[in-house]
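J.: Quick one: structure below, then a few questions.
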Amino acid sequence: MSALEELAQALGVVEQHLTDAGAHLGTTRTSLGEAEKALVKLDPEHPETVVPPSLHRADDQIERAQDMLNQVLNTLRDFITRL
334 MSALEELAQA
344 LGVVEQHLTD
354 AGAHLGTTRT
364 SLGEAEKALV
374 KLDPEHPETV
384 VPPSLHRADD
394 QIERAQDMLN
404 QVLNTLRDFI
414 TRL
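Under the numbering used here, residue 416 is the last one in the sequence shown; the count climbs by one each step, no gaps.
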């Protein structure tokens, strides 16, 4: 196996790990949404008293992380294609 083939194989492993991380972020974001819905049920007339503001910030941060991860994956895939 040539060094180029080894590099492509290693980058393929990295790509898979990044893809897995993206799936975990998606699951996390879904779970946050479910947690928010459960909290709102505690006091539907005043959800702001039971839903911490940090929950929305966490969702925003996950969304940003997903966007960055997608950019990295696109860059990586482009690099692998050019090899």
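Idealized CB from N, CA, C, for every residue including glycine. Since the structure is predicted, the reported quantities are computational estimates derived from the model, not experimental observations.
If the criterion is Cβ atoms closer than 7 Å, does the pair residue 358 and residue 406 meet it?
T.: Going by C-beta atoms, residue 358 is not nearer than 7 Å to residue 406.
J.: In angstroms, rounded to a whole number, what distance separates the CA positions of residue 409 and residue 340?
T.: One C-alpha to the other measures close to 12 Å.
J.: Evaluate contact between the segment 366 to 385 and the segment 341 to 350, counting only Cβ atoms and requiring at least three cross-stretch pairs below 8 Å.
T.: Flag = no, the segment 366 to 385 and the segment 341 to 350 do not touch.
J.: By alpha-carbon positions, which one of 361, 338, 337 and 334 ends up nearest to residue 399?
T.: Taking only the C-alpha atoms, the option nearest residue 399 is 361.
J.: For residue 385, name the three-state secondary structure that DSSP assigns.
T.: Reduced to three states, the DSSP call for residue 385 is coil.
J.: Which residue's Cα is closest to the Cα of residue 385: 342, 416 and 366?
T.: When each option's Cα is compared against that of residue 385, the closest is 366.
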